[in-house]
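Please read the structure below before turning to the comments.
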Amino acid sequence: TKKQRKELQTVLERKEKKVRRADILSKLAEVQEARLKLPVLAEEQVIMEAVRENPCVVICGETGSGKTTQVPQFLYEAGYASGIIGITEPRRVAAVSMSHRVAKEMNLSTRVVSYQIRYEGNVTSDTKIKFMTDGVLLKEIQKDFLLQRYSVIVIDEAHERSVYTDILIGLLSRIVPLRNKKGMPMKLLVMSATLRVEDFTDNTKLFRIPPPVIKVDARQFPVTIHFNKRTPMEDYTGEVFHKICKIHRMLPPGGILVFLTGQAEVHSLCRRLRKAFPFRKSNEESAFKRHLCHQSLPRIDLDNYSALPVDEGDEDREAGIGDEEDEGSDLEIGDDPNDAEEKADPSIPLYVLPLYSLLAPEQQAKVFRPPPPGTRLCVIATNVAETSLTIPGIKYVVDCGRVKKRFYDRVTGVSSFKVTWTSQASANQRAGRAGRTEPGHCYRLYSSAVFGDFSLFSEAEITRRPVEDLVLQMKDLNIDKVVNFPFPTSPSAEALVAAEQLLVSLGALKEPPRTGRVKDIEQARLSCPITPLGRAMASFPVAPRYAKILALGKQQDCLPYVIAVVAAMTVREIFEDLDRPAGSEDESSKLNQRRARLTQMRRLWAGQGASLLLGDLMVMLGAVGACEFAGCTPKFCEDNGLRYKAMVEIRRLRGQLTNAVNAVCPEVGAFVNPKMTPPTEHQVVCLRQIVLAGLGDHLARRVQGEEILDPKWKNGYKTPLMDEPVFIHPSSALFKTLPEFRAVWSEVPLGLDSVEAEWVPQLLPQYCHFSSPQESPSPWFCSSTGTLRCHRASTFFRVAWQLPAVEM
Ligand code: ADP
Ligand code: MG
219 TKKQRKELQT VLERKEKKVR RADILSKLAE VQEARLKLPV LAEEQVIMEA
269 VRENPCVVIC GETGSGKTTQ VPQFLYEAGY ASGIIGITEP RRVAAVSMSH
319 RVAKEMNLST RVVSYQIRYE GNVTSDTKIK FMTDGVLLKE IQKDFLLQRY
369 SVIVIDEAHE RSVYTDILIG LLSRIVPLRN KKGMPMKLLV MSATLRVEDF
419 TDNTKLFRIP PPVIKVDARQ FPVTIHFNKR TPMEDYTGEV FHKICKIHRM
469 LPPGGILVFL TGQAEVHSLC RRLRKAFPFR KSNEESAFKR HLCHQSLPRI
519 DLDNYSALPV DEGDEDREAG IGDEEDEGSD LEIGDDPNDA EEKADPSIPL
569 YVLPLYSLLA PEQQAKVFRP PPPGTRLCVI ATNVAETSLT IPGIKYVVDC
619 GRVKKRFYDR VTGVSSFKVT WTSQASANQR AGRAGRTEPG HCYRLYSSAV
669 FGDFSLFSEA EITRRPVEDL VLQMKDLNID KVVNFPFPTS PSAEALVAAE
719 QLLVSLGALK EPPRTGRVKD IEQARLSCPI TPLGRAMASF PVAPRYAKIL
769 ALGKQQDCLP YVIAVVAAMT VREIFEDLDR PAGSEDESSK LNQRRARLTQ
819 MRRLWAGQGA SLLLGDLMVM LGAVGACEFA GCTPKFCEDN GLRYKAMVEI
869 RRLRGQLTNA VNAVCPEVGA FVNPKMTPPT EHQVVCLRQI VLAGLGDHLA
919 RRVQGEEILD PKWKNGYKTP LMDEPVFIHP SSALFKTLPE FRAVWSEVPL
969 GLDSVEAEWV PQLLPQYCHF SSPQESPSPW FCSSTGTLRC HRASTFFRVA
1019 WQLPAVEM
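For reference, each letter of the sequence shown is one residue, going 219 to 1026 in the numbering used here.
Right under this line is the structure:
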């Protein structure tokens, strides 16, 4: 009957619930058990005692020892959650994944253990533990210098020496004593992986009383290091591939973690490996059985193994035996049936996963889950796996020894990515990832001599990048004398002065007096206060040049375009790289077709007539507009050579910038209409001018005069601050239209906009030398304005480019 059926159903539901609860409990028990094994737990009392007795404490311990996941819990349990316990991470990945992990370990909801990163978060009024990126906390300090909502701030991954982390430590070294003086106690914890903490502790400018350092001993198993005899300079990913094949075919079970430099490399290697070791689901069960059999076989002693080079950086061994086999690289061990059967079962599937910071969180989470039974885990990662995330079950590390770093041209401020050697500290950190659960092995694809040439530590980022955005943020905090700020590592005085000068020429800082005593002028030059324009600029989350563009954007109804352009300029790698080489011949013809189609598409976006003069910015605007009209789908992006994640980020950034603009000038009332109509001709002219006003020091002029005859300078452009010519990239919208008189470049290779000569003296007077009135044609009286006016010729600063005369 109906009634019986209903009863049965409730009984079944109850049973199901019970099973589910038991499941959850057993999972929790598992989590708790793993927790108890973490080395940091042994130091809980020492840490909490130090925190009780000192305002600032430094905790130092190997990656994976449990600092990030456990210390917030110690603080929470010890009653420090009267306010929020805030933890900063230099990487978004870490902030998100750690908040989830801690919520799970504490069995609390994400309403209580939350995260906040640049565009998103799940913070609520109940939040007690908050993971965030360092940039987010810096913004909060601007709103409330005393950080009154927080009871503890934990600065995590301080060894990464990210710029924001460095500044935060500097600021907090002042905020904490201030809070304590005002009777609102606050604690600061600085957590770091490697041992170089002297920059924080032995720095009296920072902490008058050196904070105690608590070292957490990690339970680290020995890792045998194997150097390559030779160092491949070019195809190191090929070398990595062969090494993985060997490990997988010959060595006992255990996960493999591979360090490469970037997303593209990671994907191409994943593809190659999946092809070489197809992973079929139907195989899972039999593979599992084989795996079990294999497990019962005796373990091979790796050090007795001669087919792989066993070279511990010992110079004698470097030229030793066993190396030749490795040098052949294409000696595929699987080809030798005896070899393969004896050492390992080559048919165990390889479970290949990528890991990099822009990867979707669901994809990232996969590396923490156990691999399908009977498979070997192989994670192909970038630097994110070095310290931020610890992947369970790794026994083998393959290190390409390189890292992709953002480099800034000291003169122009233009940034680009380059692959360089990593540091010894980083390489050792990578090796350490192999010894978390049992003794492991690290294969370095470079020689011990090359390792010896690595720098000991990675430099603090602050010493390698331009600092104008930091200087502007600090001025907005009314820290006028930036040179005196207690940086853990100070940027060079020249960098600070250069930043101050750029900000003055952008109008963000008050111009220092030009007359007076030399000493006073010098002083004033280093402590220019912020202007109202500067404050507006500081509230935009973009670099000062772009912030200036935004601040000017409301003219002629250009704001929606300006916002879209700035959003597009600040997001990396929007367009698919058409220059990338094809993997095979088959791929090559397909790629050529795609290239032709995408080039045509970009030409379409660039528009015609006047809009062409906006150059690559018009292409970006066109791409953003077209993408929005199509609903911003992954398919549209894929079909049109746009990076989907970049387009999504541009959309979010447009929303965020619109809010920021509205907060600064509410009278404008900007709103994002995702579907932009193309700008009018009139607006295009305005856009070109607005962009020029922000990027004035990035002006380039096509070579003229005698230099044209020099083949080196053919089609080249001269820039004020460089001796070498710069060229327009073939993929630029201005490459053919080109020979425009001048071009402004923002980011290479795409990022050019053409400029009319007469705009330069009008829009960038601060960069021009004007002729004295005597040299100019006779002045005349203008009756409509009632002023005396004259034409004045001008030249563009250091390069003395002659510019057309303008009416003054
Ligand atoms: P530390 O900050 O000292 O590097 P963590 O607290 O990040 O250490 O990590 C401690 C342990 O917790 C690691 O061994 C790691 O494997 C594990 N762990 C961290 N996050 C997760 C997760 N999302 N899923 C499973 N295990 C995790
Ligand atoms: Mg950590």
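A virtual CB, placed ideally from N, CA and C, is assigned to each residue, including glycine. Small disclaimer: the values here were computed from a predicted structure and weren't measured.
Helix, strand or coil, according to DSSP, for residue i in the structure here?
i	result
Pro983	helix
Ala562	Low confidence applies to Ala562: its pLDDT is 41, below 50, so where it sits in the model is not reliable enough to give any reading.
Phe445	strand
Phe959	With a pLDDT of only 48 at Phe959, under 50, the local geometry of the prediction cannot be trusted, and no value is derived from it.
Leu572	The sequence given here places Pro at residue 572; Leu does not occur at that position. Three-state DSSP puts Pro572 in a strand.
Leu226	helix
Tyr294	helix
Lys221	helix
Arg821	helix
Ile908	helix
Leu917	strand
Ala842	Rather than Ala, the amino acid found at residue 842 in this sequence is Val. Val842 falls in the helix class under three-state DSSP.
Gln741	helix
Ala881	helix
Cys274	strand
Leu860	strand
Ala713	helix
Ala786	helix
Ala1023	strand
Phe703	coil
Gln513	Only weak support exists for where Gln513 lies, its pLDDT of 38 falling under 50; the value from the coordinates is given anyway. Correct three-state label for Gln513: helix.
Phe847	helix
Phe988	strand
Phe586	helix
Phe669	helix
Report, in whole angstroms, the separation of the C-beta atoms of residue i and residue j, which I expect to be a contact under 8 Å.
i	j	result
Leu831	Val902	7 Å
Ser1039	Ala321	Residue 1039 is absent from the structure shown; the chain starts at 219 and stops at 1026.
Val408	Gly304	Actually they are not in contact, since the Cβ atoms of Val408 and Gly304 sit about 13 Å apart, beyond 8 Å.
Val330	Asp344	5 Å
Glu686	Leu721	6 Å
Leu816	Leu835	Contact flag wrong, Cβ pair sits at about 18 Å.
Leu475	Leu487	In fact, because the Cβ distance is near 13 Å, the residues do not count as touching under 8 Å.
If you measure between the beta carbons of residue i and residue j, is that distance less than 8 Å?
i	j	result
Cys660	Ala667	no
Met787	Gly843	no
Lys346	Tyr294	yes
Val602	Val311	yes
Val484	Ile598	yes
Pro706	Asp417	yes
Tyr382	Ile302	no
Gly284	Val249	no
Lys766	Ala645	no
Ile373	Thr306	yes
Tyr569	Leu595	yes
Val615	Gly658	yes
Lys348	Gln366	no
Pro747	Leu727	yes
Glu378	Thr593	no
Phe363	Ile393	yes
Ala299	Met266	no
Ser972	Gly833	yes
What are the partner residues of residue i, as DSSP defines its beta bridges?
i	result
Cys660	Ile443 and Val615
Ser332	Lys348
Glu307	Thr351
Leu595	Tyr569
Gly339	Gln334
Lys622	Val637
Gly279	Val434
Ile371	Gly304 and Leu406
Ile748	Leu727
Tyr935	Arg920 and Val944
Phe675	According to DSSP, Phe675 bridges with nothing at all.
Task: Complete runs of the beta strand (DSSP E) confined to the segment 403 to 480 [at least 3 residues] - done: 405 to 410, 431 to 434, 441 to 445 and 473 to 477
- [ ] Can you check the segment 631 to 656 for any beta strand (DSSP E) of at least 3 residues that lies completely inside it and give the ranges in chain order?
- [x] 633 to 639
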